[in-house]
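Below is one structure, written out as structure tokens; the observations come after it.
Protein chains: 2
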Amino acid sequence: MANEKEVSSGDGPSKNALKKAQKAEEKATKKAEHKSQNAAARGDVEQDGEDCAKDRYGNLPLNRSEEKRPVTHTLLGDVSSSLTNQTITVRARLHTSRGKGKQAFFVLRSQANTVQCVLAVGENVSKQMVKFVCNITKESIIDVEGKITATEQKVESCSIQDVELHTTKVFVVSAALPRLPLQIEDAMRPEEDDPEGLHIKVNQDTRLDNRILDLRTPTNQAIFRLEGGVCHLFREALRAKNFTEVMCPKLISAASEGGANVFGMKYFDKDAFLAQSPQLYKQMAIAADFGKVFTIGPIFRAENSNTHRHLTEFVGLDLEMAFTHHYHEAMNTIGDMFTEIFRGLRDNYADEIAAVNKQFPAEPFKFLDPPLVLEYKEGVAMLKEAGIEMDETEDLSTPNEKFLGRLIKAKYDTDFYVLDKFPLAVRPFYTMPDPSNPKWSNSYDMFMRGEEILSGAQRVHDADFLVERAKAHNIPIDTIQSYIDSFKYGCPPHAGGGIGLERVTMLYLGLDNIRKASMFPRDPKRLTP
Amino acid sequence: MANEKEVSSGDGPSKNALKKAQKAEEKATKKAEHKSQNAAARGDVEQDGEDCAKDRYGNLPLNRSEEKRPVTHTLLGDVSSSLTNQTITVRARLHTSRGKGKQAFFVLRSQANTVQCVLAVGENVSKQMVKFVCNITKESIIDVEGKITATEQKVESCSIQDVELHTTKVFVVSAALPRLPLQIEDAMRPEEDDPEGLHIKVNQDTRLDNRILDLRTPTNQAIFRLEGGVCHLFREALRAKNFTEVMCPKLISAASEGGANVFGMKYFDKDAFLAQSPQLYKQMAIAADFGKVFTIGPIFRAENSNTHRHLTEFVGLDLEMAFTHHYHEAMNTIGDMFTEIFRGLRDNYADEIAAVNKQFPAEPFKFLDPPLVLEYKEGVAMLKEAGIEMDETEDLSTPNEKFLGRLIKAKYDTDFYVLDKFPLAVRPFYTMPDPSNPKWSNSYDMFMRGEEILSGAQRVHDADFLVERAKAHNIPIDTIQSYIDSFKYGCPPHAGGGIGLERVTMLYLGLDNIRKASMFPRDPKRLTP
Chain A
165 MANEKEVSSG DGPSKNALKK AQKAEEKATK KAEHKSQNAA ARGDVEQDGE DCAKDRYGNL
225 PLNRSEEKRP VTHTLLGDVS SSLTNQTITV RARLHTSRGK GKQAFFVLRS QANTVQCVLA
285 VGENVSKQMV KFVCNITKES IIDVEGKITA TEQKVESCSI QDVELHTTKV FVVSAALPRL
345 PLQIEDAMRP EEDDPEGLHI KVNQDTRLDN RILDLRTPTN QAIFRLEGGV CHLFREALRA
405 KNFTEVMCPK LISAASEGGA NVFGMKYFDK DAFLAQSPQL YKQMAIAADF GKVFTIGPIF
465 RAENSNTHRH LTEFVGLDLE MAFTHHYHEA MNTIGDMFTE IFRGLRDNYA DEIAAVNKQF
525 PAEPFKFLDP PLVLEYKEGV AMLKEAGIEM DETEDLSTPN EKFLGRLIKA KYDTDFYVLD
585 KFPLAVRPFY TMPDPSNPKW SNSYDMFMRG EEILSGAQRV HDADFLVERA KAHNIPIDTI
645 QSYIDSFKYG CPPHAGGGIG LERVTMLYLG LDNIRKASMF PRDPKRLTP
Chain B
165 MANEKEVSSG DGPSKNALKK AQKAEEKATK KAEHKSQNAA ARGDVEQDGE DCAKDRYGNL
225 PLNRSEEKRP VTHTLLGDVS SSLTNQTITV RARLHTSRGK GKQAFFVLRS QANTVQCVLA
285 VGENVSKQMV KFVCNITKES IIDVEGKITA TEQKVESCSI QDVELHTTKV FVVSAALPRL
345 PLQIEDAMRP EEDDPEGLHI KVNQDTRLDN RILDLRTPTN QAIFRLEGGV CHLFREALRA
405 KNFTEVMCPK LISAASEGGA NVFGMKYFDK DAFLAQSPQL YKQMAIAADF GKVFTIGPIF
465 RAENSNTHRH LTEFVGLDLE MAFTHHYHEA MNTIGDMFTE IFRGLRDNYA DEIAAVNKQF
525 PAEPFKFLDP PLVLEYKEGV AMLKEAGIEM DETEDLSTPN EKFLGRLIKA KYDTDFYVLD
585 KFPLAVRPFY TMPDPSNPKW SNSYDMFMRG EEILSGAQRV HDADFLVERA KAHNIPIDTI
645 QSYIDSFKYG CPPHAGGGIG LERVTMLYLG LDNIRKASMF PRDPKRLTP
């Protein structure tokens, strides 16, 4: 009020004073609003009379860690019929709610779990309390105390189906705005499932623009838990084989894979680039005697392509290893690593896979142990037999790649396979040519559901031969001199490969777009959130 | 020869033809040289007579995976007296060699292991073979067959001391150039150990310029294996507590921590920046219900400071978690995680720690379980008591920080500790103020050997309060609008922290420079290799 007066009186308040006053006014108004809302919500109004439940609900003050006490909350994921008749407190989001006379039915959601709650006017529950709960905005975080009670019928709409919470207390921890930019129920609805013919879909840009809401769906909770699992299984498979984790710089002084598709920037008084792969660095780690290495980190590609499977920034799972006699020692190590990843996902992430399949149905991922390995020319022969016209040293087009995937699935019943001995002409200069036939190279790709997810090879580990190969590719030697120099002081024969994490997640789960497997995807048109 | 003729005859060869001819000539010369070298090396020269050992040594052709066969090589790390009298083949580097009449003594090195080999002229070993071995360049990779034989005296200069290899075959897999830009023996010499008064040191820039050689020292092999171990232990400690690993983008549309010290770049038709931390994204993961998350990835700081502990690109180990009542739930989780890391390093990386200490002696790292937690003002009081003049809400200067570390070590015998409740004024705008006293905040730093390695806090999880705090820090709201919006749809109270991986490695091992803990360090003056 004092401030309001300051604004209206006087005939020339400074700009600053004005601003200050406005701010204060906004604050005062907000405070007043908040108070009256709270009062209304809590039913502290005369006409409703004395509230017998007034200590059992309300808005908690902003948690600023005023009070240190033991955590006795139960996780929603731990709620089951084995706890029947126990009174527990859970913290979760208000997923949905509806009032029905003197009762409120509401659903709590925490990560992938949902449970039904019932609140009914009675000895300890007032009309005002029911009204308060019905007015809580969806997506608010609330603490709910209730008794776990067996349900007569399965609650089909919830993940927890055989018990519900008979609610005794409800406190709002963090309120959501009443208008949400997207509804979680819409975002989690299976695309095929539309019994009411409402065609309510959330399109991809709306999802990505409001990613923190979109990510709350059980599907997305599952996708990204599984993606974390891929990283874990990748590392564990390799650590068990004595690989060392290394860190490769992303700021580099020359474009690592040729000048195209590279992001450039100023670095103090120099020019720098963002690494398009850790290729040179993981090979340097081999030349530096680390023997077997892996590295996980961002990969940057300034490629202006807006496809279902390209990102400008993605996560690379890279590995490289010295071998003794033959690059198949490395290729088989990688193949077996994938088998371990697939087995680990199948065995330890069954709930996540099921959650994703509920919204995006897909065939279970099939794999063989050991993995199927075909030579490139065998793959081409299969395509030719099926009517595709192509030369055996021609690169696989995306449609041919996918078609070959279907042919292989039909013949071998596997969604994962290795193509070995790619045509030399379609591989980078540092790929070791096949010694017996100049058409081929000691290189391989690996595929999931007919899409490439790993590219790898034996590398040229001899400086002179590397220069020869670079010249054959018209690569100016001075731009890769330090790379070449790495092989002048003795380097063991080695091979490796690079994997796109998001592609593995996408293809394992049978998703249709790589953006579904990137928490905050980056493409030529998207740099936010 | 044909090509040579082409060059000398004719009176106007085209530029191309000339170039081609030169190339061919170079190749022919090289081939001839190679042949004669090989002949000389192998002793295929008449005056030395028939070579009884000619199939037992030589240069192997470049390995292009001609032959697939079982790997029967023994790892140098597995060589011990338990294998005495067995004949094995190892692949390793020629570390040093010297001829002595009809004998050659040479040392093989593989990662952190070294073993002595003896080759003596005899029934199966020719003079030519000894000569060949003496001429192999240091750092070449060789396959050596030999019988494991007990030594009479401990071989003090090798890591394997009680056995040596009585050599029967030697083949060069990959030869090193004869002139090395640095000697591994120099690079691995303890700085204090200079009995011959030669003062041969390898300075840091020489090391870093030739990092692939420098990294081969047992010290560096150990440092980076241990660093990989820090990542592993970090993840395992958090996974055991149900944290989910997430991936945060490095390309962002606005400078995340204010405009200073950020690398900018062109992103198609937009401007982009490199993330200075995953702060916003890990908090968004909390607002998106992931509950507890961690992320490992590069952190970019365009800070023009050339100190012993700053890098422009380093690896961040970041975590964030929702808590129920009090931010100490998170702080203690982090503290306990450090205890697990320290325990894991001590128990599983004893060899690596010993290897590093040999070159860079340091006191063993001490820690308490549970960790020591002091309030900031208690730390300041200790400094004041020791004669430092400072205000209790002033930030710790680097010398004071280190001095406090020594005071705490003396008083509590720990190299790790937590300072809680930092002055609000020295923390970022998103730090939750202490509710009971506006001087303080719900924030903490963690220290190793008196240097900060983690900064963390309870975050403001309410959009309105966040705006208020940003204004108090004079941060233009429009630059952080999407960050603020993240908290409008319900967000649990949460806290977290960020750790610099290289600092943890450096301080755990008591190294004097962070570049020693970064495989390919980046600072304002260094962007290569």
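Line order of the protein sequences matches chains A and B.
Per my numbering, the first sequence starts with residue 165, numbered consecutively.
Per my numbering, the second sequence starts with residue 165, numbered consecutively.
C-beta atoms are modelled at their ideal positions from N, C-alpha and C, and glycine is treated no differently.
Computed from a prediction, not measured in an experiment: that's the story for all the values here.
Enclosing alpha helix (DSSP H) for residue i [first to last residue]
i: R399(B); result: 382–403
i: T370(B); result: 368–373
i: M352(A); result: M352(A) -> no alpha helix (DSSP H), and no H or E assigned at all.
Host beta strand (DSSP E) of residue i (start-end)
i: H492(A); result: Looking at the DSSP string, H492(A) is not in any beta strand (DSSP E); the run it does join, the alpha helix (DSSP H), is 492–512.
i: E115(B); result: Residue 115(B) lies beyond the stretch modelled for chain B, which goes from 165 to 693, so this question has no answer here.
i: F270(B); result: 267–274
i: E666(B); result: It is not in any beta strand (DSSP E) - E666(B) instead sits in the alpha helix (DSSP H) that spans 665–673.
i: S619(B); result: 615–622
i: N277(A); result: 277–284
Length of the line joining the Cα atoms of residue i and residue j
i: G241(A); j: Q622(A); result: 47 Å
i: R507(B); j: Y672(B); result: 12 Å
i: K446(A); j: E409(A); result: 10 Å
i: E391(A); j: T383(A); result: 12 Å
i: K541(B); j: N496(B); result: 19 Å
i: F398(B); j: M610(B); result: 15 Å
i: K318(A); j: V271(A); result: 14 Å
i: V289(A); j: H490(B); result: 29 Å
i: T692(B); j: F388(A); result: 35 Å
i: A545(A); j: L483(A); result: 30 Å
i: D511(A); j: I498(A); result: 20 Å
i: D649(A); j: M448(A); result: 10 Å
i: I644(B); j: E565(B); result: 32 Å
i: A659(B); j: K405(B); result: 15 Å
i: Q292(B); j: Y431(A); result: 54 Å
i: P685(B); j: F478(B); result: 8 Å
i: P462(B); j: K266(B); result: 55 Å
i: A550(A); j: I663(A); result: 29 Å
i: D676(B); j: A526(B); result: 10 Å
i: L536(A); j: K689(A); result: 38 Å
i: R667(A); j: P534(A); result: 22 Å
Residues bridged to residue i [DSSP beta-bridge criterion]
i: G428(A); result: F437(A)
i: D717(B); result: Because chain B spans 165 through 693 in this model, residue 717(B) falls outside it and cannot be assessed.
i: M485(A); result: K456(A), A659(A)
i: L749(A); result: Here chain A has residues from 165 to 693 only, and residue 749(A) is not among them.
i: L643(A); result: The question names Leu, yet the displayed sequence has Thr at residue 643(A). DSSP output for T643(A) lists no bridge partner at all.
i: T313(A); result: E328(A)
i: Y221(A); result: V334(A)
Check whether residue i and residue j have beta carbons under 7 Å apart
i: A268(B); j: V297(B); result: yes
i: K151(A); j: A627(A); result: Nothing can be reported for residue 151(A), as the shown portion of chain A is limited to 165 through 693.
i: L532(B); j: T578(B); result: yes
i: V336(A); j: N425(A); result: no
i: F427(A); j: M429(B); result: yes
i: T557(A); j: P592(A); result: no
i: V279(A); j: V243(A); result: yes
The region 227–240 of chain A: positions lying closer than 8 Å to chain B by Cβ: Of all residues in the region 227–240 of chain A, N227, R228, S229, E230, E231, K232, R233, V235, H237 have a Cβ within less than 8 Å of some Cβ in chain B.
What are the residues of the region 471–484 of chain B that lie near chain A, defined by any Cβ-Cβ distance shorter than 8 Å? Listed in sequence order: T476, E477, V479.
Could you name the residues of the region 645–674 of chain B whose beta carbon sits closer than 9 Å to any beta carbon of chain A, in the order they occur along the chain? Only those residues of the region 645–674 of chain B whose C-beta falls short of 9 Å from the nearest C-beta of chain A are listed: S646, Y647, D649, S650, F651, K652, Y653, G654, C655, P656, P657, A659, L665, E666.
Listed from N- to C-terminal order along the chain, which residues in the region 486–501 of chain A have their beta-carbon within a distance smaller than 9 Å of any beta-carbon of chain B? Residues passing the 9 Å Cβ filter: A486, F487, T488, H489, H490, Y491, H492, E493.
Using a Cβ-Cβ cut-off of less than 9 Å, give me the residues of the region 317–335 of chain B that come near chain A, in sequence order. For the region 317–335 of chain B, which is checked against every Cβ of chain A, not one residue is closer than 9 Å.
Given a limit of 9 Å on CB to CB distance, which residues of the region 598–613 of chain A reach chain B? Correct list: D598, P599, S600, N606.
Mind listing which residues of the region 628–644 of chain A have their C-beta closer than 7 Å to chain E's C-betas, in chain order? In the structure shown, chain E cannot be found, because the protein chains are A and B.
Chain A contacts from the region 278–291 of chain B (Cβ-Cβ distance under 7 Å): Along the region 278–291 of chain B, none of the residues has a CB nearer than 7 Å to a CB of chain A.
Closer than 8 Å, Cβ to Cβ, to anything on chain A: give me those residues from the region 392–417 of chain B, in chain order. Contact annotation: in the region 392–417 of chain B, residues whose CB is within less than 8 Å of a CB in chain A are G392, C395, H396, R399, R403, T408, E409, V410, M411, C412, P413, K414, L415, I416, S417.
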